[in-house]
Amino acid sequence: MRRLILIGDGGHAKVVRDVALSEHRYELTAVLDDRYEEAGRGEDGLLRGPVKLARHMLREDDGMDVFVAIGSNTIRRKVAEALQAAPERFALLIHPRAVVSTEARLAPGTVVMPGAVINAGASIGAHGIVNTCAIVEHDCVVGGYAHLSPGSALAGGVTVHEGAHVGIGAAVIQGLTIGAWSLLGAGAVAVRDIPDRCTAVGVPAAVIKGRND
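So this is what it looks like as structure tokens:
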């Protein structure tokens, strides 16, 4: 059983931790977050300390992987890149109650939550989040650092570019594109392409502002 470092200790990290333990492939070793200024053991026996410890731990132990359990797409990318770890050292976590086609492709650093469905021909980029009960239909392409929120649905052939966030309960009809680092708001229905770096809300979804994060 390989050991796992979890980066982040917020609400999203709690859910990721449950997924990691449910797979029975990893022994959780450390929870690192910059809220901890010094390294030390918690009541649960896990090492806690600042994120900078992860690079040293990965260098010292070939049997250890890491997962960046941070909900913010921009911060998750910043932290993952700062770790300078080989792609294969980032864990791929899939809850046993998720349904993932054997013909789907999932990159390292991605988490698939319980009840999610990823169908044949779909591709999920590195460090993506496929949240609880999200649906990714056939031949969708989801870029790295994207987040598909709980209950969201992508029809067949949808492209979600890097860093985009599809809000809770939102839907995208077949063949459309959600631009890089854009936000499709909660409950929105995209019936046309959404450009890069903008926020779109409503039914049908309409762009309301740009995003510069």
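For the sequence shown, this note's numbering begins at 1149 and goes up steadily by one.
We treat Cβ as the ideally placed atom computed from N, Cα and C, and that holds for glycine.
When C-beta atoms of the region 1255-1274 are compared with those of the region 1182-1193, fewer than three pairs fall below 8 Å, so the two segments do not count as touching. Straight-line measurement puts the Cα of Pro1352 at about 46 Å from the Cα of Leu1201.
In the displayed model, Glu1185 falls within coil according to three-state DSSP, outside both helix and strand. Counted as a single uninterrupted DSSP element, the beta strand (DSSP E) harbouring Glu1175 occupies residues Tyr1174 to Leu1180.
Using a 10 angstroms sphere on the CB of Asp1157, the tally of other CB atoms reaches 16 or more, which defines it as buried.
Sorting Val1339, Val1247 and Val1314 by C-alpha distance to the C-alpha of Ile1321 places Val1339 at the top. Put simply, of Gly1292, Asp1287 and Ala1282 the residue whose alpha carbon is nearest the alpha carbon of Ile1316 is Ala1282. Ranking Ala1268, Glu1285, Thr1250 and Thr1307 by CA distance to the CA of Asp1341 puts Thr1307 first. The three-state secondary structure of Ile1153, taken from DSSP, is strand. Distance from the CA of Val1216 to the CA of Ile1356, rounded to the nearest whole angstrom, comes to 31 Å. Less than 8 Å divides the Cβ of Arg1173 from the Cβ of Arg1150.
In this model, Val1167 and Leu1241 are separated by some 7 Å (Cα to Cα). Every alpha helix (DSSP H) stretch that sits fully inside the region 1221-1292 and reaches 4 residues is listed by chain position as 1221-1231. Between Leu1195 and Arg1189, the CB-CB gap stays under 8 Å. Between the region 1268-1278 and the region 1234-1253 there are three or more C-beta pairs closer than 8 Å, enough to call the two in contact.
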